[in-house]
Amino acid sequence: MKQSQLFGSTRRDISKEEVSKNAILLTRGGYIDKEMAGVYTLLPLAFRMAEKIKNIIREELNKLPHTSEVLMPVMQPHQLWEATGRREIIKDVMYDIKDESVGLGPTHEEVATELFSHFYNSYKQMPVAIYQMQTKFRNEPRAKSGLLRGREFMMKDLYSFHLTDEDIADYYLQVKDAYMRIFARVGLNAIYTDASGGVFTKYRSHEFQVLAESGEDEIYLNQLGDRAWNKELVNENDPEFLQFCEGVIDKRSAIEVGNIFRFDNKYSAPLNAAVTNKSGERIDVLGASYGIGITRLIGTIAEVYGDIEKSKINWPKSVAPYKIHLIELGQDLGQDMYNEIVGAIHELPAASDILYDDRDESAGTKFADADLIGAPMRIIISSRTLERESVELNGGLVKLTDLKNKLT
RNA sequence: CGGGGUGUGGCGCAGUUGGUAGCGCGCGUCGUUUGGGACGAUGAGGCCGCUGGUUCGAGUCCAGUCACCCCGACCA
């Protein structure tokens with residue numbers, strides 16, 4: 016992609032009102048543009064990241080048994096929420112459509128459960144799970160912190176339906192493992208955290224928390240640092256908690272990047288999502304929800320990998336919008352040589368992952384922009400490097416003839 | 001929803017006791033530059049968030065309203 020043709024650009028100055036690290040870096044880098052509080056455009060750079068994250072999620076979730084991707088509606092009838100008794104609870108959060116008994120979906124337990132009931136009637140068909148990646152709408156009382164808490168945001172939500180307690184428990188753990196792989200692949204160290212189920216469920220929920228100063232949640236880490244309890248769940252006299260932390264309490268701020276919880280028959284019962292078992296009895300299926308905030312993940316990765324002072328980000332390779340930033344300095348390079356290197360690079364499998372800065376800008380501007388854009392690999396081509404039949408790759412000179420090997 | 005703060009060219013900001021608006025960046029043109037956000041010249045661009053009030057006169061004072069930021073509450 017030629018940078019001169021990329022929509023948007025880095026920004027030198029942004030409002031001093033913006034305090035959130037991810038919002039500052041992503042806005043300056045030309046990744047996002049704010050429309051209103053908690054509502055952002057994903058510019059090409061952030062959009063590419065979102066697509067890469069979505070593909071990683073797909074790869075991992077598609078390994079799960081009986082699991083398919085779908086796309087459910089954003090518009091949801093109030094009636095469905097009234098049926099499960101959640102209309103009153105959701106009322107302040109759901110954006111409603113004027114003069115219609117319809118709102119924009121903040122979550123999809125109702126829709127997913129109803130959808131299930133349209134196709135499943137027998138234990139022989141069980142279990143089954145569906146997931147989607149979609150924009151969610153929640154009227155947050157206070158949207159803030161850039162992509163970390165939006166009123167409109169992209170989410171992956173998965174719903175599973177099971178016949179037995181054993182089966183749902185097994186699937187739940189499989190999802191947990193898939194989530195841990197997903198977070199690792201996008202470069203985050205997520206901590207599996209026990210949390211309160213809130214109004215969602217009588218069960219404890221489990222959150223995936225990433226340690227960060229900017230995190231809204233507070234968690235108590237165990238000694239190994241690989242398990243935690245959310246503060247909201249903690250009663251410091253609880254024997255189970257005391258055993259968990261073994262006397263060492265390490266309280267840390269963290270960002271919740273995913274959460275999973277069982278709700279069993281909470282929605283299947285009122286929505287009549289039941290199947291017949293071997294004896295011919297109709298039994299309500301057991302359900303669970305599993306969510307990952309995709310746009311929040313982008314914000315979280317920026318929080319973890321960004322540096323405000325240096326105005327730069329070092330994205331993990333797996334999610335960087337472009338893996339290679341090819342920067343051309345000067346305009347009087349030997350054109351033959353130049354064509355040769357660009358040609359060589361474009362023969363690589365990752366050619367679509369190259370951002371080529373072909374703009375007529377000063378070296379300083381190009382470097383500053385490159386720092387903000389944060390590609391993991393930087394190739395500089397200039398008359399200085401071409402004199403030696405080389406380019407600069409991440410700070411070191413590499414012969415043109417060796418470049419292909421270095422990049423593959 | 002409580003408390004505090006902010007709304008002025010595309011972006012970032014200044015604007016004194018009320019007198020019809022200015023700076024930087026960016027943008028256009030010309031020239032010089034080209035390895036860490038280059039320089040000179042010149043030019044374009046603003047119903048001062050919105051509504052009402054006070055006044056001969058309001059960016060400036062008053063009231064209301066909307067939006068945005070921070071702290072808290074909330075967070076399906």
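Be aware that the first sequence starts at 16, since it is given in my numbering, and climbs by one per residue.
Think of the CB as a built atom: it goes at the ideal place given N, C-alpha and C, for glycine as much as any other residue.
Computed from a predicted model, the values in this text were never measured in an experiment.
Put simply, the region 65-74 does not touch the region 174-186. Fewer than three CB pairs are less than 8 angstroms apart.
With the rule of 3 Cβ pairs closer than 8 angstroms, the region 331-342 counts as touching the region 373-392.
Scanning the region 330-415 for uninterrupted beta strand (DSSP E) segments of 3 residues or longer gives 339-343, 369-372, 392-396, 405-408 and 411-414, listed from N- to C-terminal end.
By the Cβ-count criterion, residue 37 is buried, with 16 or more other Cβ atoms from all chains shown falling within 10 Å of its own Cβ.
Beyond the five residues adjoining it in sequence on each side, residue 279 comes within less than 6 angstroms, by CB distance, of 301 in the same chain, given in chain order. Burial is judged here by how many other beta carbons sit within 10 angstroms of a residue's own beta carbon; residue 403 has fewer than 16 and is exposed.
One alpha carbon belongs to residue 384, the other to residue 168, and they sit about 27 angstroms apart. Membership of residue 201 in any alpha helix (DSSP H) is not indicated, and neither H nor E is assigned to it by DSSP. Look at the beta carbons and you see the region 41-55 not touching the region 111-128: under three pairs across the two are nearer than 8 angstroms. Annotation note: the region 130-174 contains the following uninterrupted beta strand (DSSP E) runs of length 3 or greater, listed N- to C-terminal: 143-152. Residue 228 and residue 143 have their C-alpha atoms roughly 39 angstroms apart.
Shown here, residue 64 sits in a helix according to DSSP, grouped into three states. Sequence-distant partners of residue 19 (beyond 5 residues in either direction) whose C-beta falls short of 7 angstroms from its own C-beta, in its chain, are 373 and 374.
Taking residue 226 as the centre and dropping the five residues before and after it, the same chain places the C-beta of 267 and 269 closer than 6 angstroms to its C-beta, in chain order. In the assembly as shown, residue 395 is a buried residue. Its beta-carbon has 16 or more other beta-carbons within 10 Å. Within its own chain, the residues whose Cβ lies closer than 8 angstroms to the Cβ of residue 90, once the five positions on either side in sequence are excluded, are 112, 117, 118, 119 and 120, listed in chain order. Linking residue 370 to residue 17 through their CA atoms gives a straight-line distance of about 6 angstroms.
Ranking 108, 153, 159 and 85 by CA distance to the CA of residue 126 puts 85 first. Residue 150 is positioned such that its CB atom lies no closer than 7 angstroms to that of residue 286.
With contact defined as three or more Cβ pairs closer than 8 angstroms, the region 22-39 and the region 282-297 are not in contact. Each residue's CA atom was taken as its position, placing residue 148 and residue 172 some 6 angstroms apart.
Residue state for residue 105 is assigned as helix, using DSSP reduced to three classes.
Exposure of residue 103 is indicated by the presence of fewer than 16 other C-beta atoms within 10 angstroms of its C-beta.
As computed with DSSP, residue 271 is found in a beta bridge with 224.
Setting aside the 5 residues that flank it on each side, residue 22 is surrounded in the same chain by 58 and 59, each with a C-beta closer than 8 angstroms to its C-beta; the list follows chain order.
In the DSSP assignment, residue 38 falls within the unbroken alpha helix (DSSP H) covering 36-43. In the structure shown, residue 46 falls within a coil segment according to DSSP collapsed to helix, strand and coil. A direct Cα-Cα distance of roughly 6 angstroms separates residue 174 from residue 145. Collapsing the DSSP output to three states places residue 19 in a helix.
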